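Asks: In our numbering, the protein residues as written are 91 to 437. The C-beta atom is built at its ideal place from N, Cα and C for all residues, glycine as well. Only a predicted model underlies this, so the values are computations on that prediction, with no experimental measurement involved. This structure is in C-alpha cells; I'll ask about it shortly.
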Amino acid sequence: MNDTAPAADRQAFYDRLAPHNLAPLWESLHSLVSRTPASAAVPAHWDYDGVVRPYIMESGALITAKEAERRVLILENPGMPGQASITPSLYAGLQLILPGEVAPAHRHTQSALRFIVEGRGAYTAVDGERALMQPGDFVITPSWSWHDHGNETATPMVWLDGLDIPILKLFSASFAEPANADSQSVTRPPGDSPARYGQNMLPVDWRPSGPASPVFSYPYARSREALATMARNGAPDACHGYKLRYVNPATGGHAMPTIGAFLQLLPAGFATAPYRATDGTIFSVVEGEGETLVGDITIRWKPRDVFVIPSWHRHTHRAGSEAVLFSFSDRPVQEALALWREERAQG
Ligand code: GTQ
91 MNDTAPAADR
101 QAFYDRLAPH
111 NLAPLWESLH
121 SLVSRTPASA
131 AVPAHWDYDG
141 VVRPYIMESG
151 ALITAKEAER
161 RVLILENPGM
171 PGQASITPSL
181 YAGLQLILPG
191 EVAPAHRHTQ
201 SALRFIVEGR
211 GAYTAVDGER
221 ALMQPGDFVI
231 TPSWSWHDHG
241 NETATPMVWL
251 DGLDIPILKL
261 FSASFAEPAN
271 ADSQSVTRPP
281 GDSPARYGQN
291 MLPVDWRPSG
301 PASPVFSYPY
311 ARSREALATM
321 ARNGAPDACH
331 GYKLRYVNPA
341 TGGHAMPTIG
351 AFLQLLPAGF
361 ATAPYRATDG
371 TIFSVVEGEG
381 ETLVGDITIR
391 WKPRDVFVIP
401 SWHRHTHRAG
411 SEAVLFSFSD
421 RPVQEALALW
431 REERAQG
C-alpha cells in the first residue's frame with residue numbers, strides 16, 4: 091500500500107478486516123482524538139409551562155408512581171436520540187408525584203440529585219430520614235443510599251432529577267435493588283442531618299463513611315439569602331455573576347463525587363462574559379427571565395425551564411430581570427481525573 095492506493099482497494103481491505111474484528115485507526119483517528127471537544131450533545135431548551143408541564147400532568151393520569159416506580163419524563167438531548175442522556179455523561183428527567191402517592195424505596199449505584207420545580211411539602215427519604223421539599227431546594231441521594239419519595243400534600247410535586255446513569259453505563263457498574271417496603275421506616279426525625287452536619291460543625295468523633303455529603307438537603311431559602319448578600323456586598327464575576335457551589339461540608343468537595351451542582355444569581359440587565367468549560371452543563375431556571383447565547387442559537391428562558399450547554403460551547407447569559415439559575419454537571423469527575431478545563435472570555 092502507498093499514498094496512491096485507490097480508495098476502492100482500501101475499502102476492500104477494510105471489508106476483509108471487519109469479520110476479524112479489526113478496523114483501521116487511520117480512518118477515525120482525528121474524530122477519536124479530536125483537537126478540541128466534540129460533544130454528541132447539542133444545546134437544547136425545554137419550555138416548562140408551555141410544553142413540558144402539560145405532558146407531565148398527562149402522564150399522571152396514565153400510570154401511578156407505584157406502577158412506574160419512578161414517573162419521569164426523560165429530557166433527552168436531541169443530538170443523542172434514544173440514549174436517555176442530556177449530555178454524554180448525565181441523565182436528566184422531570185419526576186411527578188401526585189398527592190397520596192409513594193415512589194417506592196430502592197437503591198442503586200447511580201447518584202441522584204433532585205432540584206424542586208413545583209409543589210411544596212412532599213418528601214424524599216434518604217437512609218431513614220425525610221427531607222420536606224420546597225421549590226429551589228437541592229436534595230441528593232448518594233450512590234447506594236435507600237430512597238423513596240412521598241407526597242402527603244394536596245398538590246402535585248415535580249422536580250428535576252439529575253443522575254450519572256451514562257457514567258455508570260460507561261463503567262458497566264450498575265447495581266440496583268428494591269427495598270422490602272414501599273416506604274422505608276423513618277429512623278431519624280426530619281432536620282437531624284442538617285443539625286449534625288449542616289451548621290458549620292460536625293459531631294466530634296464523626297468520620298465520613300464515603301465521599302458524598304452527609305447533608306442531603308440544601309434548602310433554597312438559605313442558598314438564595316447567601317446569593318443576595320454576596321450581590322449586596324461585592325462585584326459579580328464577569329463570567330458567572332454571583333455563583334456558589336454546593337459542597338460536602340466534611341471535605342469542601344462537591345456534594346457527590348460524580349455530579350457537581352451550582353446556584354448563581356445574575357443581576358437585572360447583567361450579561362456574562364463569554365465562557366466555556368469541558369463540563370456540559372444542565373441549567374434549571376429558578377427566578378427571572380433572560381437569554382443564553384450559544385453559537386448562533388439564542389435560548390430564551392423563564393422560571394422552571396431547563397436548558398443544556400454541551401462541553402466546550404462558548405456561551406453568554408443575559409438576565410432581563412434579576413435571575414437565579416441552578417446548574418449541574420460532571421465537573422467533579424473531570425476534576426478527579428485532571429481533565430477539566432475552562433476558558434474565560436476571548437478566544
Ligand atoms: O428517583 O430513584 O429519574 O432511580 C431515574 C432513575 C429517578 C429515582 C430517575 C431513578 C430515579
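Let me make sure I understand the geometry here. Which of D395, A97, H198 has the alpha-carbon closest to that of E377?
Replies: Nearest C-alpha to E377: D395.
Asks: Give every residue of the same chain whose Cβ lies closer than 8 angstroms to the Cβ of Q101, excluding the five residues on either side of it in the sequence, and list them in chain order.
Replies: Taken in chain order, the list of residues that qualify is empty.
Asks: Give me the Cα-Cα distance between Y104 and L112, rounded to the nearest whole angstrom.
Replies: Distance between the alpha carbons of Y104 and L112: 8 angstroms.
Asks: Can you give the Cα-Cα distance for G240 and V192, rounded to whole angstroms?
Replies: One C-alpha to the other measures close to 4 angstroms.
Asks: Near ligand 1, which residues have their beta-carbon less than 5 angstroms from any of its heavy atoms, given in chain order?
Replies: Residues with a Cβ closer than 5 angstroms to any heavy atom of ligand 1, in chain order: R160, V162, G183, D251.
Asks: Name the two residues that bound the continuous alpha helix (DSSP H) containing G150.
Replies: Looking at the DSSP string, the run of the alpha helix (DSSP H) that includes G150 is 143-152.
Asks: Using DSSP with H/G/I as helix, E/B as strand and the rest coil, what is F416?
Replies: It is a strand residue.
Asks: Give the DSSP-derived three-state secondary structure of L260 in the structure shown.
Replies: Here L260 sits in helix by DSSP.
Asks: Classify G385 as buried or exposed, calling it buried when 16 or more other Cβ atoms lie within 10 Å of its own Cβ.
Replies: That one is exposed.
Asks: Give the straight-line distance between the Cα atoms of A244 and G190, rounded to the nearest whole angstrom.
Replies: Their backbone Cα atoms lie some 8 angstroms apart in a straight line.
Asks: Please state whether DSSP places R314 in a helix, a strand or coil.
Replies: It is helical.
Asks: Whole angstroms are fine: how far does the CA of I164 sit from the CA of G437?
Replies: Reliability of the predicted coordinates at G437 is poor, the pLDDT of 47 falling under 50, and the value obtained from them is presented with this limitation in mind. Approximately 35 angstroms between the Cα atoms of the pair.
Asks: For K156, which three-state DSSP category applies?
Replies: It is helical.
Asks: Between A263 and the rest of its own chain, which residues show a CB-CB distance below 8 angstroms, the 5 nearest in sequence each way excluded?
Replies: Result list for A263: T199, in chain order.
Asks: Could you please give me the residues that DSSP links to P268 through a beta bridge?
Replies: Paired residues: H196.
Asks: Let me know the secondary structure DSSP gives H120 once reduced to three states.
Replies: Of the three classes helix, strand and coil, the one that applies to H120 here is helix, per DSSP.
Asks: Check whether the Cβ atoms of R366 and E267 sit closer than 8 angstroms, and answer yes or no.
Replies: Going by C-beta atoms, R366 is not nearer than 8 angstroms to E267.
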